[in-house]
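Right, one structure below, let's go through it.
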Amino acid sequence: MNEKGNFILIAIVLMVVLVFMLPALMYIFPPIDIIVKIMLIFVIFSTVKGYLGNGVLTLIISGILIYFLVIKWWWIGATGWFAITLATFGIFSILTWGSKTVMDLTKPRP
Amino acid sequence: MEKPITSMAILAFPMMAMTNILPFMLLIDELFSDMTLVLKIFVLLTIISYVTQHLGKGPLSLMIIAVLSYFIIFDYFMIFGGIYVLYMLVLFGVTQLLMDFFILAPQAAMEQNMAGGDVENQPNGQDMKERQKRLMDMRRRTRMV
C-alpha cells in the first residue's frame, strides 16, 4: 500500500477506535453506562423539543427515539452521539493532523 | 482407511453455518429496519420544522407536511434517506475531515518521496538541533549576535 493510502487508513482506524471506546467503557463500567444514557435521553429530548416545541407529539417521538437509541440499540446511540460530539468539536481533525505530524505513524520504521 | 461420508456429515457443515449465521443475519436485519425507522423520524422532524418555520402552524402547513412526508418518507425514501444522511454528515463537519486528508496525505507521500523512502535520510530532532547550532555559530562568527 502506498504512503497516502496508509496514512488515511491509519487515521480512520484511530477515529473508529476512539469512537468505539465509549460503548466499550459503558460495557465495562456500569456508572458510565448510566451517566451516558441519561445524557443521551436529555440530548434526544432537547433535539425533538427544538424541532417541535412543547407538546404531546414531542413526548411521543422522544419516547420512540429513546426506546430505539438508548434502550434497544444503546451502543449505536452512544457511538453516534460520541461521533457527532467529537466531529462538532473538531477532534477528528486534530486526530488526523496528529497521526501525521506528531505521532508520525506514516514514517517507515527501521 | 477412508471414512464413508454420510448424508449427516454432508448436512452438518451447512447446518452449522446456518445456525451461526442466521442469528447474526436476523440481528442485522432488525438493526437495519430499526435504524431506518429512526432515520425516517428524524426526516419527518426536519420536514415539520422546515414547513412550520415558513408557514407557521395552520391547515396549509399540515397539508404541505403531509404531501412532503408522503413523497420523501414513503415514496422516494431510498433517495431522500441518503441525501439526508449526506446532509447531516456535511453539517457535522465531515468535509473538514476530507480536506485534512487531501492536505496531509499528499504531504506525507511527498515527504517520503523526497527522503527516498529511507528512514535514515529523514531529518529528526537531533539533526534540527545540530543545524540550529551551526547557524548560531555562523552568526557568532559574522558578529550578527
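Here the protein sequences line up with chains A and B, keeping their order. Adding 21 to a residue's 1-based position in the first sequence gives its number in the working numbering. Adding 12 to a residue's 1-based position in the second sequence gives its number in the working numbering. Note that beta-carbon positions come from the ideal geometry of N, C-alpha and C, so glycine has one too. Since this is a predicted model, take the numbers as computed values, not measurements.
Taking the continuous alpha helix (DSSP H) assigned at D54 (chain A), which residues delimit it?
For the purposes of this step, residue 54 (chain A) is taken as residue 33 along the first sequence, with counting starting at 1. P51 to L73 is the span of the alpha helix (DSSP H), which, as asked, contains D54 (chain A).
Near L86 (chain A), what residues of its chain come up, given a Cβ to Cβ distance below 6 Å and the 5 sequence neighbours on each side ignored?
As a working note, residue 86 (chain A) is residue 65 in the first sequence. So the qualifying residues of the chain are I65.
Residue-level contact to chain B via CB, I85 (chain A), 8 Å cutoff
As a working mapping, residue 85 (chain A) is identified with position 64 in the first sequence. Answer yes: the Cβ-Cβ gap between I85 (chain A) and chain B drops below 8 Å somewhere.
Taking C-beta pairs closer than 8 Å, name the residues in chain B that V69 (chain A) reaches, listed in chain order.
Position 48 of the first sequence, counting from 1, holds the residue named residue 69 (chain A). Within 8 Å Cβ-Cβ: L57.
Kindly indicate which three-state DSSP category T100 (chain A) falls into: helix, strand or coil?
Here residue 100 (chain A) is taken as the residue at index 79 of the first sequence, counted from 1. For T100 (chain A), the three-state secondary structure derived from DSSP is helix.
Just the Cα atoms here: how many angstroms apart are V131 (chain B) and K121 (chain A)?
As a position in the second sequence, residue 131 (chain B) is number 119, starting the count at 1. As a position in the first sequence, residue 121 (chain A) is number 100, starting the count at 1. Below a pLDDT of 50, predicted positions are generally treated as unreliable, and V131 (chain B), at 48, falls in that range; the measurement from the model is reported next regardless. Spanning the alpha carbons of V131 (chain B) and K121 (chain A) requires a straight line of approximately 15 Å.
Note down, in chain order, all residues in the segment 53 to 80 of chain B with a beta-carbon under 7 Å from any beta-carbon belonging to chain A.
Listed by position along the chain: I53, L57, I60 and S61.
Is DSSP giving G70 (chain B) helix, strand or coil here?
Translated into positions along the second sequence, residue 70 (chain B) becomes position 58. Here G70 (chain B) sits in coil by DSSP.
Just by C-beta distance, which residues in the segment 94 to 105 of chain B are closer than 9 Å to chain A?
M100, L101, F104 and G105
Shorter than 8 Å from the beta carbon of F44 (chain B) to some beta carbon of chain A?
Here the question's residue 44 (chain B) lines up with position 32 in the second sequence. Residue contact check for F44 (chain B) against chain A: no CB pair falls below 8 Å.
For L109 (chain B), which residues in chain A fall below 7 Å Cβ to Cβ?
Residue numbering aside, residue 109 (chain B) sits at position 97 when the second sequence is read from its first letter. Within 7 Å Cβ-Cβ: F113, S114 and T117.
Is it a yes or a no for the segment 70 to 90 of chain B touching the segment 74 to 88 of chain A, going by three-plus beta-carbon pairs under 8 Å?
no
Can you tell me whether DSSP reads G119 (chain A) as helix, strand or coil?
As a first step, residue 119 (chain A) must be located in the first sequence, where it is residue number 98. Here G119 (chain A) sits in helix by DSSP.
Rounded to the nearest angstrom, what separates M161 (chain B) and A117 (chain B) at their Cα positions?
With chain B covering only 13 through 157, there is no way to say anything about residue 161 (chain B).
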